[in-house]
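These protein sequence lines map, in sequence, to chains B and F. Here the first sequence is numbered in UniProt numbering, starting from 1 and rising by one per residue. Here the second sequence is numbered in UniProt numbering, starting from 1 and rising by one per residue. Note sheet for the following structure.
Number of protein chains: 2
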Amino acid sequence: MKKIMNKVDDIVVESLAGLAAAHPCLVKLHPSVKAVLRADAPKDKVAVISGGGSGHEPLHGGYVGVGMLDAACPGEVFTSPTPDQMYEAAKAVSGDKGALFIVKNYTGDVMNFQMAADLLAAEGIPVAQVVVDDDVAVQDSLYTAGRRGVGGTVLIEKIVGAKAEAGGSLDEVKALCEKVNGQVRSMGMALTSCAVPAAGKPTFDLADDEMEIGIGIHGEPGRERMKLKPAKEIVEMMAKAIVDDLPFQAGDEVLAFVNGMGGTPQMELYLVFNDLANYLKEKGIVIGRSLVGNYITSLEMQGFSITLLKLDDELKALWDAPVETAGLRWGR
Amino acid sequence: MKKIMNKVDDIVVESLAGLAAAHPCLVKLHPSVKAVLRADAPKDKVAVISGGGSGHEPLHGGYVGVGMLDAACPGEVFTSPTPDQMYEAAKAVSGDKGALFIVKNYTGDVMNFQMAADLLAAEGIPVAQVVVDDDVAVQDSLYTAGRRGVGGTVLIEKIVGAKAEAGGSLDEVKALCEKVNGQVRSMGMALTSCAVPAAGKPTFDLADDEMEIGIGIHGEPGRERMKLKPAKEIVEMMAKAIVDDLPFQAGDEVLAFVNGMGGTPQMELYLVFNDLANYLKEKGIVIGRSLVGNYITSLEMQGFSITLLKLDDELKALWDAPVETAGLRWGR
Chain B
1 MKKIMNKVDD IVVESLAGLA AAHPCLVKLH PSVKAVLRAD APKDKVAVIS
51 GGGSGHEPLH GGYVGVGMLD AACPGEVFTS PTPDQMYEAA KAVSGDKGAL
101 FIVKNYTGDV MNFQMAADLL AAEGIPVAQV VVDDDVAVQD SLYTAGRRGV
151 GGTVLIEKIV GAKAEAGGSL DEVKALCEKV NGQVRSMGMA LTSCAVPAAG
201 KPTFDLADDE MEIGIGIHGE PGRERMKLKP AKEIVEMMAK AIVDDLPFQA
251 GDEVLAFVNG MGGTPQMELY LVFNDLANYL KEKGIVIGRS LVGNYITSLE
301 MQGFSITLLK LDDELKALWD APVETAGLRW GR
Chain F
1 MKKIMNKVDD IVVESLAGLA AAHPCLVKLH PSVKAVLRAD APKDKVAVIS
51 GGGSGHEPLH GGYVGVGMLD AACPGEVFTS PTPDQMYEAA KAVSGDKGAL
101 FIVKNYTGDV MNFQMAADLL AAEGIPVAQV VVDDDVAVQD SLYTAGRRGV
151 GGTVLIEKIV GAKAEAGGSL DEVKALCEKV NGQVRSMGMA LTSCAVPAAG
201 KPTFDLADDE MEIGIGIHGE PGRERMKLKP AKEIVEMMAK AIVDDLPFQA
251 GDEVLAFVNG MGGTPQMELY LVFNDLANYL KEKGIVIGRS LVGNYITSLE
301 MQGFSITLLK LDDELKALWD APVETAGLRW GR
């Protein structure tokens with residue numbers, strides 16, 4: 001395991017300092033807790049806040065800015081942030097319209113966001129939470145009761161962020177978040193393991209001719225370990241599981257998102273997108289929007305995930321709305 | 001070596017098909033040669049065209065669109081495209097104002113772009129070329145007479161593309177390209193090798209405690225192989241070589257670009273940016289703009305490069321101008 005770092009204990013703090021140094025117009029760091037705050041943090045809107053373990057960058061700190069998140073709370077690598085981080089971050093960016101917590105479904109995240117929400121509610125700050133659970137691979141997992149929150153989170157943060165930016169109320173923003181979570185589905189796979197810096201070794205082993213289908217974003221087990229197959233077969237296996245789950249149907253328009261796990265060349269992600277586009281065309285499912293790249297990662301893991309979101313006019317308009325963050329930007 | 005692919009011979013073609021399928025509003029494929037063309041290709045401007053071996057994505061196909069490139073010619077992985085690709089791509093996107101070729105300094109690329117330029121000139125199409133050679137690591141290399149063209153290419157394509165979009169003449173666009181190349185400097189490093197799909201094995205070996213400083217974007221040798229050091233020391237070694245070369249001086253304003261080689265977690269790239277920001281601050285060099293991410297890669301190689309561009313008001317305005325490509329977008 002090789003890492004570009006100084007002291008292993010400082011990797012998250014130094015990386016956050018770099019994010020703030022690179023994007024001073026977009027973000028700033030909270031003065032006392034580990035949290036990335038929107039630089040201009042307008043208080044006349046619902047504050048949209050997320051967080052979770054580090055190691056998934058650009059998620060979540062890279063999505064703080066105009067039209068997406070107002071704050072992100074990073075834990076140590078693959079470790080939940082603490083309730084006080086969430087509480088202080090929410091206090092720093094929330095106004096009268098309150099705060100929405102977007103929570104990936106991992107036990108620690110859910111518990112800690114709940115505690116932070118209770119603290120804020122006790123002070124009279126309106127707060128709502130939505131748990132994202134878009135991963136069709138497994139029902140329960142190493143860190144989860146129920147399905148895991150994965151790639152859909154990126155799309156939810158963008159769309160819900162746009163709704164909040166446009167002046168939506170807390171009830172409206174929460175309802176939209178639940179709606180998007182209800183019609184987004186994902187699944188991942190890996191060719192290689194990630195390696196947590198503090199552990200100093202790969203999280204798991206895969207033979208040179210093997211892959212893991214349905215893997216989680218922490219390298220936790222998925223559905224099945226099998227021999228490496230051609231991309232087309234891998235994509236069909238994953239896309240079928242996703243399409244059958246919602247189910248997506250002929251005539252549906254979708255946002256198709258091929259996400260890299262951190263160590264996969266972009267050339268391969270676009271090759272995957274090609275196979276996915278062919279599969280969806282066969283099924284009569286129309287790609288209305290697309291996203292391809294490293295957006296929710298697992299350190300240096302090689303692999304990818306596929307996410308499909310069923311679109312309608314509301315979601316398309318919110319997806320297309322201007323966004324200006326380190327990890328996603330267009331439109332102003 | 002594990003790759004997500006179907007047949008190894010089809011990897012470039014399938015990846016290009018995926019790029020076009022994902023971004024139909026931005027790009028289309030040339031009907032007869034391997035080339036990525038701007039979808040709306042306006043003919044009333046200088047056409048800005050680049051190309052080179054595949055495996056460096058998003059460079060160059062990911063930079064075709066509004067405000068950057070009008071066409072990109074991808075070769076096979078780490079292999080120069082052919083003169084007929086460049087000729088046909090230029091014919092497809094050029095109007096009366098002619099075409100500028102932005103050529104990374106590799107022997108095959110330089111030779112083939114020259115042949116294409118000769119063919120176009122013989123037909124009366126105005127054409128100019130600029131060779132990018134920003135890599136301070138080595139004077140000559142495995143594939144190069146003189147310095148290699150690396151990270152600076154991304155910045156040049158953005159800035160020169162903005163000038164062409166604004167209506168600059170071929171002479172003006174060429175002069176700007178030479179100006180930017182004159183004040184941009186880069187250097188790279190690697191922790192691991194890349195693996196060319198057709199070769200089926202890593203290009204080189206590095207021991208578990210070693211790194212290669214000054215490496216090229218094809219995994220070709222750099223300045224020195226040495227024991228892995230803390231990030232701060234690596235950054236200082238590379239930044240010093242870059243700063244001393246131009247030289248950049250106290251009071252200079254720069255665009256600071258930390259580029260991932262394809263397999264490096266973004267967390268580490270921001271950690272590198274933090275060390276770079278601290279180094280530049282000590283030297284009195286001001287970061288006016290920044291870019292952090294995987295923009296010119298070497299397949300799945302782990303490592304990073306640093307690029308510094310000396311800014312002035314002209315370059316800042318062109319950098320900030322709207323751009324809409326798969327790999328870089330902001331501002332409309």
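Backbone N, C-alpha and C fix where the C-beta goes; we use that ideal spot for every residue, glycine too.
Looking at 294(F), 269(F), 30(F) and 48(F), the one whose alpha-carbon comes closest to that of residue 84(F) is 30(F). The C-beta of residue 139(B) has fewer than 16 other C-beta atoms within 10 Å across all chains shown, which makes the residue exposed. At least one C-beta of chain F is nearer than 8 Å to the C-beta of residue 54(B). Residue 166(B) has its alpha-carbon roughly 18 Å from the corresponding atom of residue 102(B).
Judged by pairs of C-beta atoms under 8 Å, the segment 179-192 of chain F does not touch the segment 115-122 of chain F, as fewer than three such pairs exist. For residue 242(B), no chain F residue has a Cβ inside 8 Å of its Cβ, as the nearest lies near 17 Å away. When the alpha-carbon of residue 130(F) is set against those of 35(F), 49(F), 13(F) and 279(F), the nearest one is in 49(F). For residue 241(B), the closest C-alpha among the options 267(B), 3(B) and 224(B) is that of 224(B). Taken atom to atom, the span from the alpha-carbon of residue 236(B) to that of residue 276(B) is near 7 Å. In the structure shown, the three-state DSSP call for residue 150(B) is coil.
Below the 8 Å Cβ cutoff, chain F contributes no neighbours of residue 76(B), its closest Cβ being approximately 11 Å away. Ranking 56(F), 78(F), 72(F) and 61(F) by CA distance to the CA of residue 294(F) puts 56(F) first.
When Cβ pairs closer than 8 Å are counted between the two stretches, the segment 16-36 of chain F is seen not to touch the segment 304-311 of chain B, the count staying below three.
For residue 248(B), the CB contacts under 7 Å within the same chain, skipping 5 residues up- and downstream, are 254, 285, 308 and 310 in chain order. Between residue 325(B) and residue 86(B) a beta carbon distance of about 19 Å is seen, past the 8 Å cut, so the two are scored as non-contacting. Taking every protein chain shown into account, the CB of residue 8(B) has fewer than 16 other CB atoms within 10 angstroms, so this residue is exposed. Residue pairing from DSSP leaves residue 281(F) without any beta-bridge partner. In the same chain as residue 258(B), and ignoring 5 residues on each side of it, the C-beta atoms closer than 7 Å to its own belong to 269, 272, 273, 276, 292, 304 and 306, in chain order. Taking C-beta separations shorter than 7 Å and ignoring five residues to either side along the sequence, the partners of residue 209(B) in its chain run 227 and 228, following chain order. The segment 140-149 of chain F makes no contact with the segment 164-178 of chain F; the number of CB pairs closer than 8 Å stays below 3.
For residue 135(F), DSSP records a beta bridge to 186(F). The residues 103 and 131, in chain order, have a CB closer than 8 Å to that of residue 110(F) in the same chain once the five nearest residues on each side in sequence are set aside. Scanning chain B for C-beta atoms nearer than 7 Å to the C-beta of residue 329(F) yields 329 and 330, reported in chain order. Under the three-state reduction of DSSP output, residue 159(F) falls in the helix class. Look at the segment 158-187 of chain F: it has no residue with a C-beta under 7 Å from a C-beta of chain B. Against chain F, the beta carbon of residue 50(B) has no neighbour under 8 Å; the closest one sits roughly 17 Å away. Closest in alpha carbon position to residue 233(F), among 279(F), 159(F) and 35(F), is 279(F). Residue 245(B) is a Cβ neighbour of residue 185(B), given a cutoff of 8 Å. For residue 297(B), at least one C-beta of chain F is nearer than 8 Å to its own C-beta.
Under the Cβ distance rule, residue 292(B) counts among the residues neighbouring chain F, one pair being separated by less than 8 Å. For residue 15(B), no beta strand (DSSP E) encloses it; the enclosing alpha helix (DSSP H) starts and ends at 11-22. Within chain F, no residue has its beta carbon less than 8 Å from that of residue 85(B); the closest one is some 17 Å off. Collapsing the DSSP output to three states places residue 227(B) in a strand. Within chain F, the residues 4 and 18 have their CB atoms less than 8 Å from the CB of residue 272(B), given in chain order. Residue 81(B) does not reach chain F, its nearest Cβ partner there being about 15 Å away, counting only Cβ pairs nearer than 7 Å.
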